[in-house]
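In the numbering used here, the protein residues as written are 1 to 331.
Below, the structure is given as structure tokens:
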């Protein structure tokens, strides 16, 4: 027969009592937690998907769809670049992972190659991958016929960038459900695993994740202080939106959209070579470049907002006109 001294017995029972008190919040409904004594812990143990059930979804990026989108924007760049350089062409078509164009005047072939060389320039992969990658390669299978092929490394870069950006968007969407501690993880090279413990309606999760993210570039209305717009009434044509920061910062935003995500060809997180600060490099298609160039030229010194799903991601200042369709955003 085991025999314990009195002090050991007391210590054992105190340990058991402490365990019971610590676990007590998990034995009562969440609605009654506030009525427990202040000296008791109030935080309940968050059960995982295996214990309390929930919704589990695996999202996958479509490799070919991503390649098709890039080829479509490249076709638009070819059309715009040759038109700006006043070079005649015909047969601008695409097949598989390539596009091709025929230059009419043999004497303008070299000029056409120069006008289109930016399509084949290496891209700094920034935070998504290491080093740089050549996204497209140019070949001339016959005189005057220029063919641009999307490389496998280029597609991999696009997938890595899309995956990183999608995880952030998915996180925002899942947080709208108000659930505790959802799990959002990258799986493999092209998939995202989403687990939401406690959510018993997977269709609701699918509906939220299936909504198209809305990205817009709009001017910040600086005609009145934003506090005045909140306490009173915003000026006609403007709306108060909040940032994604904590605490959330209000911004008075003009409703007019300068350019939207449909005009965005490329966006990547990287570092400024001069200051080594994190920045976002972006590039618009020809239509977006024209609109953005006109807006920045007319609004030097003002703030413009980058808005995702009605939340202000950033509101930098326009320091100079951005006329080439490419630029960097910091802050």
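For glycine and all other residues, C-beta sits at the position ideal for the given N, C-alpha and C.
{"Item": "If you follow the alpha helix (DSSP H) that residue 114 is part of, which residue opens it and which one closes it?", "Value": "109-115"}
{"Item": "Identify, in the order they occur along the chain, each residue of the same chain with its Cβ nearer than 7 Å to the Cβ of residue 174, setting aside the five sequence neighbours on each side.", "Value": "182, 184, 194, 196"}
{"Item": "In or out: residue 100 buried (at least 16 other Cβ within 10 Å) or exposed?", "Value": "buried"}
{"Item": "What's the call for residue 255, buried or exposed, on a 16-neighbour Cβ count within 10 Å?", "Value": "exposed"}
{"Item": "With a threshold of 7 Å (Cβ to nearest heavy atom), would residue 314 be considered close to the ligand NAD?", "Value": "The ligand NAD is absent from the structure shown, which contains no ligand whatsoever."}
{"Item": "Residue 176 by DSSP, collapsed to three states: which one?", "Value": "coil"}
{"Item": "Identify the continuous alpha helix (DSSP H) that holds residue 63 and give its terminal residues.", "Value": "63-84"}
{"Item": "Can you check which of these residues, 150, 328, 209, 16, is closest to residue 63 by C-alpha distance?", "Value": "150"}
{"Item": "How many Å lie between residue 122 and residue 226 at the Cα?", "Value": "43 Å"}
{"Item": "State the beta-bridge partners of residue 243 as determined by DSSP.", "Value": "312"}
{"Item": "What residues match up with residue 157 in a beta bridge as DSSP calls it?", "Value": "None; residue 157 has no bridge partner."}
{"Item": "According to the neighbour-count rule (16 or more other Cβ atoms, all chains shown, within 10 Å of its Cβ), is residue 133 buried or exposed?", "Value": "buried"}
{"Item": "Considering only their Cβ atoms, is the gap separating residue 57 from residue 250 smaller than 8 Å?", "Value": "no"}
{"Item": "For residue 305, which of helix, strand or coil comes out of DSSP?", "Value": "strand"}
{"Item": "Is residue 216 closer than 8 Å to residue 286 when the C-beta atoms are compared?", "Value": "no"}
{"Item": "Rounded to whole angstroms, how far is the Cβ of residue 190 from the Cβ of residue 163, which I believe are closer than 8 Å?", "Value": "7 Å"}
{"Item": "From residue 325 to residue 294, what does the alpha carbon distance come to, in whole angstroms?", "Value": "11 Å"}
{"Item": "In whole angstroms, what is the alpha-carbon distance linking residue 247 and residue 210?", "Value": "28 Å"}
{"Item": "In the DSSP assignment, what residue or residues form a beta bridge with residue 149?", "Value": "98, 137"}
{"Item": "What residue range is occupied by the uninterrupted beta strand (DSSP E) comprising residue 187?", "Value": "183-187"}
{"Item": "For residue 93, which residues does DSSP report across the bridge?", "Value": "100"}
{"Item": "Less than 8 Å between the C-beta atoms of residue 74 and residue 138, yes or no?", "Value": "no"}
{"Item": "Please classify residue 299: does DSSP put it in a helix, a strand, or coil?", "Value": "coil"}
{"Item": "Can you list, in chain order, the residues of its chain with a C-beta nearer than 8 Å to that of residue 315? Leave out the 5 residues immediately preceding and following it.", "Value": "220, 243, 251, 303, 304, 305, 306"}
{"Item": "What is the residue span of the beta strand (DSSP E) that residue 254 lies within?", "Value": "250-260"}
{"Item": "With a 10 Å radius around its C-beta and 16 neighbouring C-beta atoms as the bar for buried, classify residue 116 as buried or exposed.", "Value": "buried"}
{"Item": "Quick one: what does DSSP say residue 322 is sitting in, helix, strand or coil?", "Value": "coil"}
{"Item": "Should residue 296 and residue 318 be called a contact, given that it needs their Cβ atoms to be closer than 8 Å?", "Value": "yes"}
{"Item": "Across which residues does DSSP place residue 59 in a beta bridge pair?", "Value": "192"}
{"Item": "Please work out which residues of its chain come closer than 8 Å, Cβ to Cβ, to residue 213, disregarding the five sequence neighbours upstream and downstream, and give them in chain order.", "Value": "169, 261, 308, 309"}
{"Item": "From the DSSP output, in three-state form, read off residue 266 for me.", "Value": "strand"}
{"Item": "Under a Cβ-count criterion, where at least 16 other Cβ atoms within 10 Å of its own Cβ denotes burial, should residue 218 be classed as buried or exposed?", "Value": "buried"}
{"Item": "Quick one: what does DSSP say residue 360 is sitting in, helix, strand or coil?", "Value": "Past the boundaries of the shown model lies residue 360; the chain is included only from 1 to 331, so the question cannot be answered."}
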